[in-house]
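**Q**
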Amino acid sequence: DTGVSQNPRHKITKRGQNVTFRCDPISEHNRLYWYRQTLGQGPEFLTYFQNEAQLEKSRLLSDRFSAERPKGSFSTLEIQRTEQGDSAMYLCASSLRPEAFFGQGTRLTVV
Amino acid sequence: DAKTTQPPSMDCAEGRAANLPCNHSTISGNEYVYWYRQIHSQGPQYIIHGLKNNETNEMASLIITEDRKSSTLILPHATLRDTAVYYCIAPVVTGGSNYKLTFGKGTLLTVNP
Numbered sequence: 039d040t041g042v043s044q045n046p047r048h049k050i051t052k053r054g055q056n057v058t059f060r061c062d063p064i065s066e067h068n069r070l071y072w073y074r075q076t077l078g079q080g081p082e083f084l085t086y087f088q089n090e091a092q093l094e095k096s097r098l099l100s101d102r103f104s105a106e107r108p109k110g111s112f113s114t115l116e117i118q119r120t121e122q123g124d125s126a127m128y129l130c131a132s133s134l135r136p137e138a139f140f141g142q143g144t145r146l147t148v149v
Numbered sequence: 693d694a695k696t697t698q699p700p701s702m703d704c705a706e707g708r709a710a711n712l713p714c715n716h717s718t719i720s721g722n723e724y725v726y727w728y729r730q731i732h733s734q735g736p737q738y739i740i741h742g743l744k745n746n747e748t749n750e751m752a753s754l755i756i757t758e759d760r761k762s763s764t765l766i767l768p769h770a771t772l773r774d775t776a777v778y779y780c781i782a783p784v785v786t787g788g789s790n791y792k793l794t795f796g797k798g799t800l801l802t803v804n805p
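Heads up: the protein sequence lines correspond to chains A and B, in order.
Just so we're aligned, residue 39 is where the first sequence starts under my numbering, counting upward by one.
Just so we're aligned, residue 693 is where the second sequence starts under my numbering, counting upward by one.
Right, here's the structure in full:
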């Protein structure tokens with residue numbers, strides 16, 4: 039059990055570019071979450087997968103954001119046409135029971 | 693989620709017990725109380741959770757009042773590595789299995805040498 043892995047750890051992109059982040063959950067964890075955290079704030083829920091099904095999306099997840107979890111294993115979060123307001127830490131978590139285990143996050147900076 | 697209220701910051705001396713309070717007066721009968729912490733620049737870390745009985749694990753103890761309106765997380769022998777933001781959360785389960793966590797601003801615990 040190597041924990042939840044997120045790649046890349048850091049990403050700097052120019053405004054208007056597309057970015058994609060990857061999350062590898064703990065094996066056999068059927069639940070997967072994406073959260074976003076800005077400076078000085080607690081993490082905010084973005085979306086939830088149970089196996090491969092995306093069951094809930096926050097209204098924070100605009101149409102520029104899309105998340106997938108093919109085959110119920112790893113997940114990707116894509117942001118199209120990035121804006122400066124997208125700069126944040128993007129956190130992935132997985133769980134089998136109610137308690138969730140978080141990765142180290144991907145820090146996105148849009149310049 | 694049931695609204696939780698925590699002090700914004702606390703200090704503790706190294707080696708002493710750290711007692712972090714949380715008020716959750718609107719919690720319903722089937723809502724658990726979860727505690728997570730976040731060390732600077734890392735992802736949140738699960739600590740402990742409970743419903744109405746006191747709980748203890750290798751990291752901490754959780755004391756929940758009988759009326760369930762408040763709880764206290766106890767770190768029995770705080771170390772410098774326990775310096776972190778501690779979040780008290782009472783998630784509502786949606787869709788049958790989504791334990792969506794609503795993080796507030798938490799309590800910044802600073803352990804001093």
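The beta-carbon is built from N, C-alpha and C at its ideal position, and this holds for glycine as well.
Fair warning: this is a prediction, and the values are worked out from it, not measured in the lab.
Using a Cβ-Cβ cut-off of 8 Å, state whether A/G143 counts as contacting chain B.
**A** By 1-based counting over the first sequence, the position of residue 143 of chain A is 105. Answer yes: the Cβ-Cβ gap between A/G143 and chain B drops below 8 Å somewhere.
**Q** If I measure Cβ to Cβ from A/I64 and keep anything under 7 Å in the same chain, skipping five residues before and after, which residues do I get?
**A** Taking the first sequence and counting its residues from 1, one reaches residue 64 of chain A at position 26. The answer, listed in chain order, is D39, G41, V42, S132, F139.
**Q** For a contact defined as C-beta to C-beta under 9 Å, what are the partners of B/G721 on chain A?
**A** Here residue 721 of chain B corresponds to residue number 29 of the second sequence, with the count starting at 1. Near B/G721 there are no residues of chain A at all, since even the closest Cβ is about 16 Å away, more than 9 Å.
**Q** Between B/L767 and B/A705, is the Cβ-Cβ spacing less than 8 Å?
**A** Position 75 of the second sequence holds residue 767 of chain B. Position 13 of the second sequence holds residue 705 of chain B. No. Outside cutoff.
**Q** With 16 other CB atoms within 10 Å as the buried threshold, where does A/L98 fall?
**A** Within the first sequence, numbered from 1, the residue matching residue 98 of chain A stands at position 60. A/L98 is exposed by the Cβ-count criterion.
**Q** To be precise: take each residue of the segment 74–85 of chain A, compare its Cβ to all Cβ atoms of chain B, and keep it if any distance is under 9 Å. Which residues remain?
**A** Per Cβ criterion, the list reads Q75, G78, Q79, G80, P81, E82, F83.
**Q** Residues of chain B with CB under 8 Å from A/L129, in chain order?
**A** One-based indexing of the first sequence puts residue 129 of chain A at position 91. Neighbours of A/L129 on chain B, chain order: G735, P736.
**Q** Flag A/A138 as yes if its beta-carbon sits less than 8 Å from any beta-carbon of chain D, otherwise no.
**A** Given the protein chain composition of this structure (A and B), no chain D is represented.
**Q** Of all Cβ atoms in chain A, is any one closer than 8 Å to the Cβ of B/H741?
**A** Taking the second sequence and counting its residues from 1, the one referred to as residue 741 of chain B is at position 49. Judged by the 8 Å Cβ criterion, B/H741 is in contact with chain A.
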